[in-house]
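Peer 1: Sharing a structure below in structure tokens format, with a few things to ask.
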Amino acid sequence: MASMSQAQRDGFDERINRIRSGDSPNVLGRIEVGPREEVRAHEAGKRGRKARRARVRTGHPPESALSVMFIAPMALLIGALSFFAGRVAAFHLFTGQGMYRLDLPVWRIDLWGDIAIAATLALLLAWTLRLNYGVRRTALLLGFAAMMSGEVLVMQEFPEVFERFYTPSYVTAATSEPFALF
Numbered sequence: 012m013a014s015m016s017q018a019q020r021d022g023f024d025e026r027i028n029r030i031r032s033g034d035s036p037n038v039l040g041r042i043e044v045g046p047r048e049e050v051r052a053h054e055a056g057k058r059g060r061k062a063r064r065a066r067v068r069t070g071h072p073p074e075s076a077l078s079v080m081f082i083a084p085m086a087l088l089i090g091a092l093s094f095f096a097g098r099v100a101a102f103h104l105f106t107g108q109g110m111y112r113l114d115l116p117v118w119r120i121d122l123w124g125d126i127a128i129a130a131t132l133a134l135l136l137a138w139t140l141r142l143n144y145g146v147r148r149t150a151l152l153l154g155f156a157a158m159m160s161g162e163v164l165v166m167q168e169f170p171e172v173f174e175r176f177y178t179p180s181y182v183t184a185a186t187s188e189p190f191a192l193f
């Protein structure tokens, strides 16, 4: 196994020739030849300093049109649904027969607790589904903000859907007084 077969040598030589000619695709986006350039303390004439290393920072890969067309609307929907799920979870935790019952009227729930639960859910989904940068993050935040500001309007359009998640008295109170939720 110490020597390479002729086919391996030919493949290696072809690859080296492609690299030297510049015809091969550059997968890193930069050319690096040799070891890292380091400035050592004793070479720079200064004592007691650590070596400085030249590092190339890699950012996030550029987003393709496919990502913008398909993943961004999905992130928008996930942001809206995370706010809705956080509100429903807070409703069932803090009111009625919930685990941590608060003595508030049925139509008035502490909005900051709802936002905290919804934001935690949105952050977990963003981290899990890798929606935490670029257009994806913006779409997630827009969906979250849209549902936060327009939940009452959606509730007025589809009260029977919301009655499955909330109580009918809550939906009636929310649709009769649009700003009672805040």
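Residue numbering for the sequence shown follows this note's numbering, beginning at 12 and increasing consecutively.
C-beta atoms are modelled at their ideal positions from N, C-alpha and C, and glycine is treated no differently.
It should be emphasised that the depicted structure is a prediction, and the values quoted were computed from it without experimental measurement.
1) Helix, strand or coil: how does DSSP classify residue 102 here?
2) For residue 125, I'd like the list of residues in its chain whose CB is within less than 7 Å of its CB, leaving aside the five on either flank, ordered along the chain.
3) By how many angstroms is the C-alpha of residue 27 removed from the C-alpha of residue 86?
4) Quick check: what's the CA-CA separation for residue 106 versus residue 145?
5) Roughly how many whole angstroms lie between the Cα atoms of residue 133 and residue 160?
6) Quick one: Cα of residue 29 to Cα of residue 21, how far?
7) Could you please give the first and the last residue of the uninterrupted alpha helix (DSSP H) stretch that includes residue 78?
8) Have a look at residue 147 and residue 103 and give me their C-alpha separation to the nearest angstrom.
9) Taking 7 Å as the limit between beta carbons, can you name the residues of its chain near residue 166, skipping five residues before and five after?
10) Kindly indicate the opening and closing residues of the alpha helix (DSSP H) around residue 28.
11) Identify, in the order they occur along the chain, each residue of the same chain with its Cβ nearer than 7 Å to the Cβ of residue 143, setting aside the five sequence neighbours on each side.
12) Name the two residues that bound the continuous alpha helix (DSSP H) containing residue 147.
13) For residue 178, name the three-state secondary structure that DSSP assigns.
14) Whole-angstrom Cβ separation of residue 154 and residue 89, contact assumed at under 8 Å?
15) Once the 5 residues before and after residue 84 are set aside, which same chain residues still bring their CB inside 8 Å of it?
16) Going by the CB atoms, is the gap between residue 93 and residue 129 shorter than 8 Å?
Peer 2: On the basis of the coordinates in this document:
1) helix
2) 97, 98, 101
3) 44 Å
4) 37 Å
5) 16 Å
6) 12 Å
7) Unbroken run through residue 78: none, as it is neither H nor E.
8) 30 Å
9) 173, 182, 185, 186
10) 17-32
11) 137
12) 145-168
13) coil
14) 7 Å
15) 150
16) yes
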